[in-house]
Amino acid sequence: MSDEPYMREAVELARDNVSAGGLPFGAVLVRDGKIVARAVNEVLATNDPTAHAEMQAIRQASQALATPDLRGAVMYASGHPCPMCFAAMHRCGIRTAYFAYSNEDGEPFGMSTAALYAEMRRAPADGELQLHPSRPTGERGLYEAWQARRARAELAP
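Read in order, the letters of the sequence shown are residues 182 to 338 in the numbering used here.
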């Protein structure tokens, strides 16, 4: 099967979302030739800035498949994924994504994330968002506790 039907569905989801008062973004997540998630951008509906269509599709698919590992899945998005969505796809194992509208297409409408990609290329110390280490006095062993918990869980019958 070609990618065309999945791409058309992602765009149609986005158009329907616009009609419903949302932003023009839709996503379809496919694994093994089957749609495992369909989602739209819900930022305005939920006041959640992370509720992008791709993020919502990842959340739905992870729940439906009962795993955070989405290797082998393909994302079809109406718009160029932002850095957050790109990172989430990368993190969960998605290695192929298609988009209908580019950052250049979205630029005249304030829908480009090119500036965010440029920010992400900057060294953390040089960016707009300043990151500062700040571990509480005496705090240690958090990662060791996690590793020990995992080891105990693997040994449990």
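We put the beta carbon where it would ideally sit given N, CA and C, even for glycine.
What you are looking at is a predicted structure, and each value in this text was computed from that prediction instead of being measured.
- When C-alpha distances from PHE280 are compared across ASP307, GLU325, CYS263, ARG303, the shortest belongs to CYS263.
- For the pair ARG219 and ALA238, the CB atoms are nearer than the 9 Å cut-off.
- Counting along the chain, the unbroken beta strand (DSSP E) around ILE216 starts and ends at 215-221.
- Here SER283 is exposed. Its C-beta has fewer than 16 other C-beta atoms within 10 Å.
- A residue is called buried once 16 or more other Cβ atoms fall within 10 Å of its Cβ, and ALA258 is buried on that count.
- The distance from the Cβ of GLU190 to that of VAL221 is about 11 Å, inconsistent with a contact at the 8 Å cut-off.
- Closest by C-alpha distance to LEU194, out of GLU223, GLY214, LYS215, SER183, is GLU223.
- Annotation for ALA254: the continuous beta strand (DSSP E) segment containing it runs 254-260.
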